[in-house]
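Chains as they are written, first to last, in numbering that gives the first Met the number 0: chain A, 0 to 196; chain B, 0 to 339; chain C, 0 to 548.
To start, the structure under review is shown below, and the notes come after it.
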Amino acid sequence: MTTAPLALGSGERPRPRNLLNVGVLVVVTCGLALFTTLIAAYVTVGHLARHWPPPGVTIDVYTGNMLAITAVMSAITVEWAHYAVKHGDPAQGAWGLLLTAGFGAGFVLLLWQLGSKIGFGPGSSKIGPYAVIFFAMLVSSGAVAILGVAAVILVLARVFGRQMTPTNSEMLRAVAWYWDFVVVAWLAVFSAVWLFT
Amino acid sequence: MINTAAKIELGLAAAALIMAIGVAVAFDDPGGFVLLFGVCIAMALCGLALAGSGFTDRAPRYPAGAEPPIQMVSAGRAGTPKASPWPLAGALALGLVGLGVAVGHALVIVGVICGILAAAGWLSQAWQEDPTFTASERSRISERLLSPVGLPLMALSLIAIIVISVSRVLLALPRTGSIVVAFVLAVGVLIAFFALSTRPNLARRSLVFLSGFAVVAIVSAGSVSAANGYRTFEHHETGPGPITVVAHNISFSRKTITVVAGQDTTITFDNLDPIYHNVAVYSSSGQPFWAGEPIKGHRKINYLHSFNMAPGTYTFRCDFHPTSMVGTFVVQAAPGSGAP
Amino acid sequence: MTVLQERPTVETPAAPASPAPSYADVWLDTADHKRLGLLFIYASFLFVVASGVAALVVGAKQASPGLNLSGTTFARLYGLHTQSGVLLFLTALWIGLATYLVPLQIGAGRLALPRLSAFGFWIYLFGGVCFLVSYLAGQVNGLGITQSTPLAMVPGGADTATMLWIVSLAMVSVGFLLASASLVVTVAGLRTDGMTLLRVPAFSWATLVAGAVGLLSTPVFLAGLLLLGLDQRFGGSLFAPSTNGSLAIWQRSVWLYGRPDVYLLTIVAVGAASDLVATHAHRPLLEHRAALGLLTLMGVLSLGAWTGGPSVSQAVIVPTFNVVTAAVAVPLGLTVLMWLGTAARGEPGFHVSLLFVLGAIGLWISGAANAVGAALHHVNGVSGASAWIAGNVHTVVVGPPTLIAFGAIYHWAPKIWGHPLRAAAGGLVFLASFAGLAATGLAYYFLGYNGAPLGQTTGITSYQKGLYAVAEVGGVLLVIGVLVLLVDLVTSTSRGADAAADDPYRGLTLEWATTSPPPRWGFDSVPEVRSEAPLYTLRQATSAPGGTQ
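Right under this line is the structure:
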């Protein structure tokens with residue numbers, strides 16, 4: 000037996016693509032399951048409770064609506080940024096990302112305000128199941144949104160560094176998908192607590 | 000394009016949907032329905048992601064009996080992942096945040112700062128590994144960004160970190176202890192730089208590791224000290240002397256607290272239980288007048304408050320244990336005010 | 000023109016190419032799946048030893064005043080033992096094996112998201128350390144996540160140890176989640192030429208299925224931990240007994256045996272055992288696609304853990320806690336039959352790892368038999384749970400995955416460490432661990448039939464005392480088994496001589512097509528895949544007349 004060259008035809012394998020995108024989507028799936036659990040807990044307790052939300056709880060319609068509007072706006076801007084970069088206009092893409100980061104920061108601040116208003120702290124003596132679940136929803140939304148803003152800023156840096164091109168914008172696509180998840184998660188919470196209670 | 004992976008995920012989603020409907024029909028259980036339905040949605044999304052991923056099964060079909068010999072596919076080494084210290088740094092930051100959530104608030108802030116640094120490091124490595132990153136790009140960035148903005152910023156933040164952390168340690172220790180620590184620190188710095196100057200050939204990597212370790216050690220010491228509170232400095236006393244209340248085993252050490260109306264009063268509250276307690280003053284009908292900040296043991300807090308209330312008898316209690324931790328709160332008239 | 004085909008192991012250069020200079024001996028910054036896998040494996044063994052020591056410390060602290068352990072200390076020991084055994088040890092061990100082997104089995108030689116895996120490992124490590132610290136530093140509230148009723152509330156908020164315990168479990172879970180996300184994307188996106196999804200080896204497939212289910216069930220656990228943490232920290236009343244529905248939330252999101260996670264270890268173990276059996280039978284599985292389908296079915300049925308009603312205590316059927324999940328026995332039994340058929344049709348050669356598979360089958364059979372016994376004795380599963388549960392956990396939930404994990408280490412050791420482990424030591428490990436698990440399991444089964452509750456500390460009769468002694472001996476045997484395995488591992492792999500061949504078993508799957516241990520880049524070249532057993536097909540093509548020239 001002789002030894003012969005091994006590589007034929009196909010040569011070196013192509014650089015795998017889309018791994019980051021699919022990885023982010025898989026992680027997003029996890030995040031959806033997390034919010035699903037919180038909403039399921041909300042529904043479980045609410046279904047069996049006599050009054051839901053419990054007496055004494057007022058639902059802050061104004062802040063809730065503002066949060067939903069901000070979230071939807073940020074989803075639009077991030078998709079706009081991706082579209083612009085994809086079509087060779089990184090300047091517009093940067094503007095879109097900047098706006099997204101701004102909306103995201105506003106979203107987090109509104110969540111903070113909402114959370115601080117429910118009087119949830121060691122000082123309040125009676126903390127019911129409603130407050131625990133609602134606060135858990137706010138904490139989760141805030142956590143994923145803060146991560147999202149960080150990711151948007153990171154990808155913004157790479158847009159400034161001229162690294163997001165129409166042919167190579169995988170990270171931007173991944174971040175935009177992640178941000179869409181943040182928005183969808185909030186809309187799910189919004190519809191559970193504000194719309195269908 | 001619907002590939003096999005997508006088909007499987009969508010099938011799983013269908014199974015979860017059937018289970019969700021089954022739960023909704025069989026039991027009166029909307030919570031279970033929401034859970035399984037959400038899982039179904041998530042799986043369907045995963046399936047769509049895989050369908051759009053372009054991950055196809057690359058397998059040529061050969062006519063039966065005429066398969067060509069099996070080829071060897073050269074794997075190549077280009078795709079081998081490069082080492083990166085940032086996952087470790089990021090995990091460390093996340094661990095600090097988690098620890099801070101469990102133990103005290105100071106560590107959360109330290110963890111967040113470390114997280115920002117780790118994210119920046121991770122980004123810069125990804126940046127440099129991008130095929131578009133060339134030597135000219137590197138010099139452009141370092142000229143425009145790193146030298147004018149980054150270096151001063153880093154130096155400033157390093158100074159701030161060291162000053163804040165070391166001062167927290169010195170504030171927390173007793174007087175003699177803080178002198179000893181300051182001395183040891185100074186000698187340590189001297190020895191470290193002496194060692195560095197005598198061994199200029201020390202590997203860059205170990206240098207980075209050592210200094211990173213030193214910063215982390217200083218920050219941890221500082222945050223632990225900040226969480227433990229500061230040593231008490233001399234404090235001028237007003238009113239009828241300092242009042243000490245100790246909470247232990249869900250009861251107060253004293254049954255009566257006496258204060259003078261309108262005078263600045265310090266109540267030193269020492270919590271020896273691992274749970275939250277506080278001191279709060281109510282009228283006998285339950286109307287709240289004042290509530291001290293709740294603390295978790297073992298911690299001490301000085302409540303400074305001026306009780307501008309009508310002289311008389313009130314009750315004080317812990318807001319968390321209103322039945323087992325109660326006592327009498329007496330407000331005396333200020334001398335010379337003419338009240339009875 | 001075409002090229003002659005030889006065994007790929009002959010063709011891969013035996014002499015190590017000069018290693019790249021960046022491959023410094025720093026494990027802290029590694030993104031290599033082989034090192035990450037080894038880190039997971041070593042950390043899992045570190046935690047099994049450390050948690051044993053921690054248990055001794057916790058026990059010794061309280062044992063000095065009197066000889067009997069007080070109730071709370073027992074609870075803490077029990078919680079420490081079950082959680083560290085299932086999460087820190089067994090899950091991490093399987094993730095480590097998968098991280099090492101799956102990229103090789105699918106011919107990729109790398110992970111899809113290596114830094115995500117590394118991130119996951121370090122989070123797991125810190126979380127595990129925090130977990131042990133929480134038990135050493137203070138009084139963690141309650142029995143932990145293996146108790147079927149919600150954790151008791153502490154008025155005014157829980158202490159630091161309990162909060163640390165909750166946070167540490169969250170960190171460990173996030174670590175597992177990220178590592179398995181990376182594995183799922185690897186199997187989905189990095190398969191080599193010709194390896195369609197349905198040609199993926201059973202172990203890689205099981206990793207994909209368990210990963211997909213785990214990615215959906217771990218966040219549920221995380222959400223449960225978040226609710227629990229807020230509840231404990233602020234003394235809330237979500238998990239108070241007076242809150243309607245709290246039991247259902249607890250059992251679906253926090254309770255270990257109410258989540259699909261219990262079955263995931265079994266799925267991965269069955270996948271690995273399928274590869275073991277096929278390799279040593281020297282032929283592919285009878286029906287490879289059917290085997291993959293059965294593994295998938297087990298994953299689907301594990302989701303059934305959530306189908307219990309809000310009054311879960313009534314919906315639970317003891318052996319498997321739920322009607323749908325009881326059906327997991329069907330695909331499991333069919334897979335075992337397929338193993339037997341594969342062995343009968345092939346040319347089975349003996350290997351010590353097969354003993355572990357046989358032992359696992361034995362434990363499953365004893366679990367099935369005792370499921371019938373439980374029905375006859377009306378054993379109660381949840382409210383006032385019976386000691387029977389502990390028997391079920393030892394023989395079904397963690398016993399077989401543990402045995403098969405040890406078997407997998409013996410099977411893949413030549414590839415992973417470049418040195419085979421000793422067959423005699425393997426036999427000893429098998430005897431000790433199998434006997435230990437069987438003794439513990441059976442003792443608890445009989446305790447359950449005798450009416451003993453789970454976590455019994457009072458009213459122990461002399462008959463029950465004997466059974467507890469048997470269970471304890473079983474535990475000691477298992478510890479001996481682990482120790483022998485570790486000693487064998489250390490001494491065998493540090494030998495200079497006696498290096499393993501690249502393909503010592505005439506293997507079927509691609510991990511045997513590279514050197515032992517593989518180079519950092521995994522493969523120099525991979526044969527094009529034409530079937531679910533590429534090396535088998537390659538061997539047949541080269542030996543068939545006219546297949547080569």
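The beta-carbon is built from N, C-alpha and C at its ideal position, and this holds for glycine as well.
> residue 405 of chain C: buried (16+ other C-beta within 10 angstroms of its C-beta) or exposed?
Replying inline: Counting Cβ neighbours within 10 Å, residue 405 of chain C comes out buried, since at least 16 surround it.
>> What does the alpha-carbon distance come out to for the pair residue 295 of chain B and residue 252 of chain C?
In response: Cα to Cα, residue 295 of chain B sits roughly 29 Å from residue 252 of chain C.
>> Could you compute how far the alpha carbon of residue 463 of chain C sits from the alpha carbon of residue 110 of chain A?
In response: If you take the alpha carbons of residue 463 of chain C and residue 110 of chain A, they lie about 56 Å apart.
>> On the DSSP letters alone, give me the boundaries of the beta strand (DSSP E) that residue 287 of chain B sits inside.
In response: Going by DSSP, residue 287 of chain B is part of the beta strand (DSSP E) stretching over 287–290.
> Relative to the C-alpha of residue 158 of chain A, which residue among B/222, B/129 and B/164 is closest?
Replying inline: From the listed residues B/222, B/129 and B/164, the smallest Cα separation to residue 158 of chain A is found for B/129.
> Assuming residue 102 of chain A contacts residue 69 of chain A under a Cβ cut-off of 8 Å, what Cβ separation, rounded to an integer in Å, is found between them?
Replying inline: Between residue 69 of chain A and residue 102 of chain A the Cβ distance is about 5 Å, and since that is below 8 Å, they are a contact.
> When Cβ atoms are compared, which residues of the stretch 248–271 of chain C fall closer than 9 Å to chain B?
Replying inline: Residues passing the 9 Å Cβ filter: 248, 251 and 252.
> From residue 217 of chain C to residue 286 of chain B, what does the alpha carbon distance come to, in whole angstroms?
Replying inline: Those two C-alpha atoms are separated by around 47 Å.
> Roughly how many angstroms separate the alpha carbons of residue 334 of chain B and residue 311 of chain B, rounded to a whole number?
Replying inline: Taking the straight line joining both Cα atoms gives about 14 Å.
> Nearest-angstrom Cα distance between residue 194 of chain A and residue 62 of chain A?
Replying inline: Their backbone Cα atoms lie some 13 Å apart in a straight line.
>> Does residue 50 of chain A pass the burial test, meaning 16 or more other C-beta atoms within 10 Å, or should it be called exposed?
In response: By the neighbour-count definition (other C-beta atoms within 10 Å, threshold 16), residue 50 of chain A is an exposed residue.
> Mind pulling the chain C residues with CB within less than 7 Å of residue 134 of chain A?
Replying inline: 229, listed in chain order.
> Which of the three DSSP states, helix, strand or coil, is assigned to residue 498 of chain C?
Replying inline: In the structure shown, the three-state DSSP call for residue 498 of chain C is coil.
>> Let me check understanding here. Comparing Cα to Cα, which of A/39, A/186, A/150 and A/19 lies closest to residue 77 of chain A?
In response: If you compare the alpha carbons of A/39, A/186, A/150 and A/19 with that of residue 77 of chain A, the shortest gap goes to A/150.
> If you run the structure through DSSP and keep just helix, strand and coil, what is residue 328 of chain B?
Replying inline: Residue 328 of chain B: strand per DSSP, three-state reduction.
> Alpha carbon to alpha carbon, how far is residue 141 of chain B from residue 124 of chain B?
Replying inline: Going by the C-alpha atoms only, they are around 14 Å apart.
>> Which of the three DSSP states is assigned to residue 320 of chain B in this structure?
In response: If DSSP states are grouped into helix, strand and coil, residue 320 of chain B belongs with coil.
> Where does residue 65 of chain C sit, in a helix, a strand or coil, going by DSSP?
Replying inline: Residue placement at residue 65 of chain C is poorly supported in this model, since its pLDDT is 40, which falls under 50; the coordinates are not used for a value here.
> Does the Cβ of residue 183 of chain B lie closer than 7 Å to at least one heavy atom of the ligand COA?
Replying inline: The ligand COA is not among the ligands present in this structure, which contains no ligands whatsoever.
>> Quick check: is the beta carbon of residue 174 of chain A nearer than 8 Å to any beta carbon in chain C?
In response: Using a CB distance cut-off of 8 Å, residue 174 of chain A does not count as an interface residue toward chain C.
>> Tell me which residue opens and which closes the alpha helix (DSSP H) that residue 81 of chain B is part of.
In response: No alpha helix (DSSP H) contains residue 81 of chain B, which DSSP labels as neither H nor E.
> Which chain B residues are close to residue 346 of chain C, counting only those with a beta carbon under 7 Å from its beta carbon?
Replying inline: Residues of chain B with a Cβ closer than 7 Å to the Cβ of residue 346 of chain C do not exist; the shortest Cβ-Cβ separation is about 22 Å.
> Applying the criterion that 16 or more other CB atoms from any shown protein chain within 10 Å of the CB defines a buried residue, is residue 192 of chain B buried or exposed?
Replying inline: Counting Cβ neighbours within 10 Å, residue 192 of chain B comes out exposed, since fewer than 16 surround it.
>> Can you find the residues in the same chain that come closer than 8 Å, C-beta to C-beta, to residue 177 of chain C, ignoring five residues on each side of it along the sequence?
In response: Result list for residue 177 of chain C: 115, 116, 118, 119 and 122, in chain order.
> Quick one: what does DSSP say residue 315 of chain B is sitting in, helix, strand or coil?
Replying inline: Residue state for residue 315 of chain B is assigned as strand, using DSSP reduced to three classes.
> From residue 519 of chain C to residue 64 of chain B, what distance separates their C-alpha atoms?
Replying inline: Approximately 38 Å, taken between the alpha carbons.
>> Just to confirm the assignment: which complete alpha helix (DSSP H) runs, minimum length 4, are found wholly within the stretch 114–179 of chain A?
In response: DSSP runs (the alpha helix (DSSP H)) wholly in the stretch 114–179 of chain A: 128–159.
>> Spatial neighbours of residue 137 of chain C within its chain, please: C-beta separation below 7 Å, excluding the five flanking residues on both sides.
In response: Here residue 137 of chain C has 158, 159 and 160 as same chain residues with Cβ atoms under 7 Å from its own Cβ, once five neighbours each way along the sequence are excluded.
> Helix, strand or coil: how does DSSP classify residue 279 of chain B here?
Replying inline: Residue state, collapsed to three classes: strand.
>> Per the DSSP calculation, residue 549 of chain C is bridged to which residue(s)?
In response: The shown model of chain C, from 0 to 548, leaves out residue 549 of chain C, and the question about it has no answer.
>> Between residue 55 of chain A and chain D, is any beta-carbon pair separated by less than 8 Å?
In response: Protein chains A, B and C are contained in the structure displayed, whereas chain D is not.
>> Whole angstroms are fine: how far does the CA of residue 139 of chain C sit from the CA of residue 132 of chain C?
In response: Cα to Cα, the separation comes out at about 10 Å.
>> One question on the structure: do residue 281 of chain C and residue 353 of chain C come within less than 8 Å of each other, judged by their Cβ atoms?
In response: Between residue 281 of chain C and residue 353 of chain C, the gap from beta carbon to beta carbon reaches 8 Å or more.
> Name the chain B residues whose beta carbon is nearer than 8 Å to that of residue 166 of chain C?
Replying inline: Contact note: residue 166 of chain C reaches chain B through 97, 98, 100 and 101, using a C-beta cutoff of 8 Å and chain order.
>> From the DSSP secondary-structure annotation, give me the bridge partner or partners of residue 251 of chain B.
In response: According to DSSP, residue 251 of chain B bridges with B/246.
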